[in-house]
Amino acid sequence: MDLEALIENVLNALAAGITIGCIYGLMCIGLGLIFGIMRVVNFAQGELLMLGMFASLYLVTGGGVLAFLGPTIGPFVGALLAGPIVFAGGVLLHKFLIARVSGLRTSGSLDEGHYGQLIVTLGISLILQNGGLILFGSTPMTVRTPLASSAIEIGPIYGDATVFLNKARLIACAIAIIVAITLYLTLEYTRLGKALRAAADNPTAATYMGIDVERTYRIAFGLGSGITAIAGGLMATYLSFGPFIGLDYVIIMYSGVVLGGMGSILGAFWGGLTVGFVQQCSALVLPPQLQNAAIFVVFLLIVLLRPQGLFGRSAERA
3 MDLEALIENV
13 LNALAAGITI
23 GCIYGLMCIG
33 LGLIFGIMRV
43 VNFAQGELLM
53 LGMFASLYLV
63 TGGGVLAFLG
73 PTIGPFVGAL
83 LAGPIVFAGG
93 VLLHKFLIAR
103 VSGLRTSGSL
113 DEGHYGQLIV
123 TLGISLILQN
133 GGLILFGSTP
143 MTVRTPLASS
153 AIEIGPIYGD
163 ATVFLNKARL
173 IACAIAIIVA
183 ITLYLTLEYT
193 RLGKALRAAA
203 DNPTAATYMG
213 IDVERTYRIA
223 FGLGSGITAI
233 AGGLMATYLS
243 FGPFIGLDYV
253 IIMYSGVVLG
263 GMGSILGAFW
273 GGLTVGFVQQ
283 CSALVLPPQL
293 QNAAIFVVFL
303 LIVLLRPQGL
313 FGRSAERA
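So for the sequence shown, this note's numbering puts the first residue at 3; every next one is plus one.
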């Protein structure tokens with residue numbers, strides 16, 4: 003391989019890593035929000051991603067609700083609208099199932115409800131997978147947009163080396179960053195954000211201050227579900243998916259959250275960005291089957307050298 007081709011491959015891998023990593027970051031924020039505030043290990047988070055994909059698909063094509071926007075704008079509006087739909091589903095899931103094994107009800111138990119959470123969320127995951135197979139079928143779907151097959155060319159940068167930015171991924175990346183910033187500002191500067199942070203830090207003290215902790219947890223679970231669904235809708239604009247796609251991404255989500263630091267929303271985004279970056283850059287030297295292995299090598303190195311993660315709370319309080 004000559005130098006120009008090598009430079010082009012490296013630059014395109016870096017560009018793809020950043021654009022895909024930002025979407026992974028938004029995906030990880032959803033899981034990080036649920037774990038950081040509620041301390042719930044949610045094995046069904048990948049299926050919430052899948053529901054966001056199918057919600058976007060049926061808004062754009064199946065139901066034709068957004069058909070008037072056309073194939074260029076409609077898929078991205080559908081991705082954003084998938085958030086409120088799955089938010090409502092997440093609120094109902096918490097009210098009728100998750101609340102029974104989490105929150106103040108389990109604060110005095112020996113395991114704080116973690117065993118029950120694992121079983122319940124794993125059960126929800128299996129139900130959503132097989133329910134999705136019955137409802138949607140096994141044929142791979144995609145939210146069609148002409149932007150997925152076109153790219154912006156930057157260069158030549160060195161000789162004939164050119165960077166190609168896929169338009170669908172680029173717009174999805176921009177939307178992911180905007181949604182992440184909006185969520186961050188909401189958590190930092192609004193009354194709801196302060197209530198969420200208070201419930202995360204000390205639910206008992208938050209109750210004494212007049213905060214409805216159970217309602218706050220319900221909103222947190224809904225927000226985490228909706229944010230991950232938006233990421234799923236954005237991913238659906240450039241890749242095919244099916245009812246079992248959540249299995250491929252739930253490990254990526256947990257890796258990103260742990261890399262960034264448990265309980266840190268900003269860290270979850272950077273963790274997802276790191277995972278996307280490593281995944282795309284490893285494709286330069288590894289076959290596709292071993293890309294996840296590269297992610298776990300970085301994961302283990304971070305755990306070895308900085309167990310609290312890049313933005314872990316122990317580092318923030320030091």
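All C-beta atoms in this analysis are idealised placements derived from N, C-alpha and C, irrespective of residue type, glycine included.
Buried or exposed for residue i, please, with buried defined as at least 16 other CB atoms from any protein chain shown within 10 angstroms of its CB.
i: E318; result: Unreliable placement is indicated for E318, whose pLDDT of 42 sits below 50; the coordinate value is still reported in the next sentence. It is exposed - the Cβ of E318 has fewer than 16 other Cβ atoms within 10 Å.
i: A81; result: buried
i: L303; result: exposed
i: V299; result: exposed
i: T123; result: buried
i: I173; result: buried
i: G133; result: exposed
i: N44; result: buried
i: G76; result: buried
i: G139; result: exposed
i: F279; result: buried
i: N14; result: buried
i: Q282; result: buried
i: N204; result: exposed
i: R107; result: exposed
i: G125; result: exposed
i: L249; result: exposed
Please state whether DSSP places residue i in a helix, a strand or coil.
i: A163; result: strand
i: P309; result: coil
i: A317; result: Unreliable placement is indicated for A317, whose pLDDT of 40 sits below 50; the coordinate value is still reported in the next sentence. Here A317 sits in helix by DSSP.
i: P73; result: helix
i: P289; result: coil
Using the DSSP secondary-structure output, state which residues sit across from residue i in a beta bridge.
i: A222; result: Paired residues: none, contrary to the question.
i: N168; result: A153
i: F243; result: M143
Compute the minimum distance between the beta carbon of residue i and the heavy atoms of the ligand SAM, and state whether it is under 7 Å.
i: G195; result: This structure lacks the ligand SAM, and indeed carries no ligand of any kind.
To the nearest angstrom, report how far apart residue i and residue j are at their CA atoms.
i: L306; j: V165; result: 35 Å
i: G273; j: T63; result: 33 Å
i: I365; j: I229; result: Since the first residue of the chain shown is 3 and the last is 320, residue 365 is not available in this structure.
i: A153; j: L135; result: 33 Å
i: R102; j: C175; result: 36 Å
i: A285; j: K97; result: 42 Å
i: S242; j: A150; result: 11 Å
i: I9; j: V277; result: 22 Å
i: Y220; j: I87; result: Contrary to the premise, residue 220 reads as Arg rather than Tyr in this sequence. If I take the Cα positions, the gap works out to 15 Å.
i: L51; j: A233; result: 7 Å
i: A17; j: L130; result: 34 Å
i: F89; j: D4; result: 50 Å
i: A295; j: G226; result: 27 Å
i: H116; j: I179; result: 32 Å
i: L72; j: L83; result: In the sequence as presented, Leu is not what sits at residue 72; that position holds Gly. Cα to Cα, the separation comes out at about 16 Å.
i: R41; j: I100; result: 12 Å
i: Y160; j: Q119; result: 53 Å
i: P222; j: Q47; result: Going by the sequence as given, residue 222 is Ala instead of Pro. Rounded to the nearest angstrom, the two C-alpha atoms are 13 Å apart.
i: Q293; j: G235; result: 23 Å
- Message: Counting beta carbon pairs with one atom in the stretch 185-193 and one in the stretch 208-217, are three or more of them shorter than 8 Å?
- Response: no
- Message: Does the structure place the stretch 140-147 close enough to the stretch 53-62 that three or more beta carbon pairs sit under 8 Å?
- Response: yes
- Task: May I ask you to verify whether the stretch 267-283 touches the stretch 26-40, counting CB pairs closer than 8 Å and requiring at least 3?
- Result: yes
- Item | At least three beta-carbon pairs within less than 8 Å, the stretch 79-98 to the stretch 192-203 | no
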